[in-house]
Structures are given as C-alpha cells and as structure tokens.
Amino acid sequence: MAPMGIRLSPLGVAVFCLLGLGVLYHLYSGFLAGRFSLFGLGGEPSGGAAGPAASADGGTVDLREMLAVSVLAAVRGGDEVRRVRESNVLHEKSKGKTREGADDKMTSGDVLSNRKMFYLLKTAFPNVQINTEEHVDATDQEVILWDRKIPEDILKEIATPQEVPAESVTVWIDPLDATQEYTEDLRKYVTTMVCVAVNGKPVLGVIHKPFSQYTAWAMVDRGSNVKARTAYNEKTPRIVVSRSHSGMVKQVALQTFGNQTTIIPAGGAGYKVLALLDVPDKSQERADLYIHATYIKKWDICAGNAILKALGGHMTTLSGEEISYTGADGVEGGLLASIRVNHQALVRKLPSLEKTGHK
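Take a look at the structure:
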C-alpha cells in the first residue's frame, strides 16, 4: 500500500496565501486608522475655513494648555512667514477682491504658516473646532507634535489648569495678518495670531510679531505677559486706522474730537491692537483708540479682542455691540477698540461713522 500523504495543488496554495494577506491587510489598516485618529487625522479638513466640528462627547480641554500650544503655533507660523519673506520668493497671487475692491492677496508665507499652525493645534486638540483664514489642503496634512511643556512665563501667571468642554471651544487662526504690507516688505505690521473662544466669547489671545520676535498673550481673568499703558488721551486721541481707508475715519474723527486729533494709518489688525498697549518693541507705534470703519473677518480681531478684554479693555462694533466668535466669519458694522477710557461714551460720539461702517 502506498504511504498516505497530503498533496497540495499550486492553485490551492496561491488562494490560501491571498486570503492570509487579505486578513493581514485589514488588521494592519485598522491599526493604522486607530493610530492616526489619535492625532486628529481621521477626517478630511474642510477647505478655507474649518476643520471637523467637535463631537458631543469630545471631553474637555485645558485652556492653559491651549494657551501654551497657541503661543507655540503663532511662533512656528511666524518662522515660516519670516523664512519666506527673507527668501524673497513669495509666490504672490490674488484670492479675489475685498469689499473695498482691493486684491485679497495670498503668498507662500500665508500657506506655509497656516499649515504649521493648523496642524499643531489640531494634533494637540483634535476635538475642537478650528477656523482659519487660509484653505487647509488635506493632501498636505502632517502630524506636528507638542511636547506638552508649558512655558515658565505662562505657569507663573496661570498657576492652575482650567478645563472646559471641547465642544464649547472655537479656535480662530490668522496665519499672516497684513498680507498686503507683507508683499510690500513693510514688516513691522505683520503678525500671526491665535484666539480661543468659549461659547462665542474670546478668552485667550496670542499676537506674535515674526520680524521682531515679540509675542503678546493673555487669558481673560487669569493673566497675561502684556499690560496697558499708564495713560490714554480720549479728548484729542491718537487713532490708529487701516491704511486702505484712513481718509474716511479721519474726516469723522476730526469732526468728533477736533483738529488736534492724530490719525495713524497702519496695516494689520494685530498691529493696531498692540498700538494700544505697552509693547517693548521700538517699531511699534502708539495710539489711544483703534477704529475700523468697514467689514472685517473674525480671525483678524479675535486675538486682539481677547487680550484687550483680559486687560480691562473693550472691542465692539461701532454701535457698541459685543462680537460673538461663532457662526459667520465676518463682522459688519465696523470696530471700536479702547482701553482705560469710557468706551460707551466713545460709542455715543461716533454715530455717523457707525452708519458708514455698515455700507
């Protein structure tokens, strides 16, 4: 009798191997998906505005940690802004027209800064809503890790954590404020900014100046590394305004405050807010009020609003309305920012400018 044995056909072996490879593939891909979800890369970032909305069971986030990451993000973005400007290869293009008819410019500095800032924040806090000025390209996504170290200056001012529901948080990023001035090589106006709002109210803000390496930050009711000046002139104030429509504000300001009023045309909302504060930067001009007469985007102003609020100042529409940092990304009705003056009295003085701001 012939010895008993098992004879395997080549076709059977091939089928068996393919089935085994299929099982291994599904196991491995599931493992990778789980790993990437830890870094907040499980979904596609949407273009132009926001990443995935936080789920209802997104847990909590610590605002002190968010401040630390926001400062790091602003600095990292600023490094890209500075590197591109110094290379003198901006790849400048227009995204369209502003409401005033000017080119809405974008450069490689905007794009690269945006990528660093967005993914650093999204990796650290995957369950919060992030709104940013520039398009977030899913093909360029990257994991940028935070080392979980909170800087000593933040620990000194803010001794304890402060947790809030992740679903209540909205982050606003401006990866390059004052792009027009950036293309003109007017570097002092350029900033990178991050703001965190909770239930629509600005609670922490970061404004970083890439070319002087100065960073201002503040958290409402907790602390800051910047302060107000000791005195402000509200009778004949120095008013900082946009370079693009300084004449409009100047006419109304002279009628309101008199011929001794000084108008300071400047670029960038971040720069204008810093003009109201005690900033140790020789290139920073000083003003008593900041007035903006037209439509403005929330990523331009949220960080400055949070800093002013933390220092006892105010930022409202020209009619005195508080600004909510949820919903639409723009603000109608202009802007009035002040600190250590009677803000509501100023609102009442500017009725004609308020009407202009709604045009």
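In the UniProt record's numbering, the protein residues as written are 1 to 359.
Beta carbons are placed, not taken as given, at the ideal position from N, Cα and C, and that holds for glycine.
Source: prediction; values computed, not measured.
message: Less than 8 Å between the beta carbons of residue 409 and A306, yes or no?
response: No information on residue 409 is available, as it lies outside the stretch 1 to 359 that the chain covers here.
Closest Cα partner of H343 within the set D300, L289 and K297: For the purposes of this step, residue 343 is identified with residue 343 of the sequence shown, where counting begins at 1. It is L289.
query: At what residues does the beta strand (DSSP E) containing H292 begin and finish?
result: On the sequence shown, position 292 is the one that residue 292 refers to. Run containing H292: L289 to H292, per the beta strand (DSSP E) assignment.
query: Under three-state DSSP, which class holds D174?
result: To locate residue 174, count along the sequence shown from 1; it is residue 174. Strand.
message: On the CB-based measure, 16 or more other CB atoms within 10 Å of its CB, does P126 come out buried or exposed?
response: Along the sequence shown, one-based indexing puts residue 126 at 126. Its Cβ being crowded by 16 or more others within 10 Å, P126 is buried.
Those residues which DSSP pairs with I207 across a bridge: Working through the sequence shown from its first residue, we reach residue 207 at position 207. Answer is M193 and A216.
task: Kindly indicate the opening and closing residues of the beta strand (DSSP E) around D329.
output: Position 329 of the sequence shown, counted from the first residue, corresponds to residue 329. D329 -> no beta strand (DSSP E), and no H or E assigned at all.
task: Buried or exposed for K282, please, with buried defined as at least 16 other CB atoms from any protein chain shown within 10 angstroms of its CB.
output: Within the sequence shown, numbered from 1, the residue matching residue 282 stands at position 282. By the 10 Å Cβ count, K282 comes out exposed.
Inter-residue spacing [alpha-carbon to alpha-carbon] between W299 and K105: The residue labelled residue 299 in the question sits at position 299 within the sequence shown. The residue labelled residue 105 in the question sits at position 105 within the sequence shown. W299 and K105: Cα-Cα distance of roughly 16 Å.
query: Under the DSSP definition of a beta bridge, which residues are partnered with D79?
result: Translated into positions along the sequence shown, residue 79 becomes position 79. Answer is none; D79 lacks a bridge partner.
- prompt: Just checking, does the stretch 173–180 make contact with the stretch 128–147 on the three C-beta pairs under 8 Å criterion?
  reply: yes
message: Our contact map puts A310 next to M219 with C-beta atoms below 8 Å; I'd like the distance itself, whole angstroms only.
response: Here residue 310 corresponds to residue number 310 of the sequence shown, with the count starting at 1. Here residue 219 corresponds to residue number 219 of the sequence shown, with the count starting at 1. Right, their Cβ atoms sit about 6 Å apart.
query: Distance, Cα to Cα, L254 vs E142?
result: For this step, residue 254 is matched to residue 254 along the sequence shown. For this step, residue 142 is matched to residue 142 along the sequence shown. Taking the straight line from one Cα to the other gives about 51 Å.
Length of the line joining the Cα atoms of E321 and N199: One-based indexing of the sequence shown puts residue 321 at position 321. One-based indexing of the sequence shown puts residue 199 at position 199. Computed Cα separation, rounded: 17 Å.
query: Taking the alpha-carbon positions, what's the V164 to G312 distance?
result: Working through the sequence shown from its first residue, we reach residue 164 at position 164. Working through the sequence shown from its first residue, we reach residue 312 at position 312. Their backbone Cα atoms lie some 22 Å apart in a straight line.
field: Beta-bridge partners of M315, as assigned by DSSP
entry: The residue labelled residue 315 in the question sits at position 315 within the sequence shown. DSSP lists A337 as partners of M315.
query: Which residues in the same chain as D62 place their Cβ atom closer than 8 Å to its Cβ, once the five residues preceding and following it in sequence are excluded?
result: By 1-based counting over the sequence shown, the position of residue 62 is 62. Closer than 8 Å at the Cβ level, and outside the excluded window around D62, lie P161, Q162 and E163.
- prompt: Where does E157 sit, in a helix, a strand or coil, going by DSSP?
  reply: Within the sequence shown, residue 157 is the residue found at index 157, counting from 1. Three-state result, E157: helix.
message: With the cut-off set at 8 Å, would you say L121 and E234 are in Cβ contact?
response: One-based indexing of the sequence shown puts residue 121 at position 121. One-based indexing of the sequence shown puts residue 234 at position 234. Cβ distance not < 8 Å, so L121 and E234 don't count as in contact.
message: Within the continuous alpha helix (DSSP H) that includes D110, where are the two ends?
response: Here residue 110 refers to the residue found at position 110 of the sequence shown. S108 to A124 is the extent of the alpha helix (DSSP H) around D110.
message: As a quick exercise: from V203, T191, K201 and T230, pick the residue whose alpha carbon is nearest that of T215.
response: Along the sequence shown, one-based indexing puts residue 215 at 215. Residue T191 is the option with its Cα nearest to T215.
- prompt: Between C302 and G78, what straight-line distance do the alpha-carbon atoms span, to the nearest angstrom?
  reply: Within the sequence shown, the letter at position 302 stands for residue 302. Within the sequence shown, the letter at position 78 stands for residue 78. The alpha-carbon atoms of C302 and G78 are separated by roughly 18 Å.
query: Can you name the start and end residues of the beta strand (DSSP E) that T179 belongs to?
result: Against the sequence shown, residue 179 aligns to sequence position 179. Counting along the chain, T179 falls outside any beta strand (DSSP E), though it belongs to the alpha helix (DSSP H) covering T179 to T183.
message: Considering only their Cβ atoms, is the gap separating K349 from D329 smaller than 8 Å?
response: Along the sequence shown, read from residue 1 onward, the residue named residue 329 stands at position 329. Along the sequence shown, read from residue 1 onward, the residue named residue 349 stands at position 349. Cβ distance not < 8 Å, so D329 and K349 don't count as in contact.
- prompt: Any Cβ of chain B within less than 8 Å of the Cβ of R85?
  reply: Of the chains in the structure shown, none is chain B; there is only one protein chain.
message: Alpha carbons only, please: which of K272, R243 and I150 is nearest the one belonging to P265?
response: As a first step, residue 265 must be located in the sequence shown, where it is residue number 265. Closest by alpha carbon: R243.
query: Where does L90 sit, in a helix, a strand or coil, going by DSSP?
result: Reading the sequence shown from its first residue, position 90 is the one you call residue 90. It is coil, neither helix nor strand.
field: V143 - DSSP class collapsed to helix/strand/coil
entry: Mapped onto the sequence shown, residue 143 falls at position 143. Correct three-state label for V143: coil.
- prompt: Any idea what DSSP makes of S283, helix, strand or coil?
  reply: What you label residue 283 is simply residue 283 of the sequence shown in a count that begins at 1. Correct three-state label for S283: coil.
message: Please give me, in chain order, every unbroken run of the beta strand (DSSP E) with length at least 3 that falls completely inside the stretch 221–306.
response: 238–242, 262–266 and 289–292
message: Let's test the definition: count the other Cβ atoms within 10 Å of the Cβ of N114 and tell me whether it reaches 16, buried, or not, exposed.
response: As a position in the sequence shown, residue 114 is number 114, starting the count at 1. By the neighbour-count rule (16 or more Cβ atoms within 10 Å), N114 is buried.
Buried versus exposed, by CB contacts within 10 Å (16 or more), T230: Residue 230 sits at position 230 when you count from the first residue of the sequence shown. Exposed: under 16 other Cβ atoms inside 10 Å.
- prompt: When you compare each of Y119, K156, K149 and Q129 to A138 by their alpha carbons, which one comes out closest?
  reply: As a working note, residue 138 is residue 138 in the sequence shown. The shortest C-alpha separation from A138 is found at Y119.
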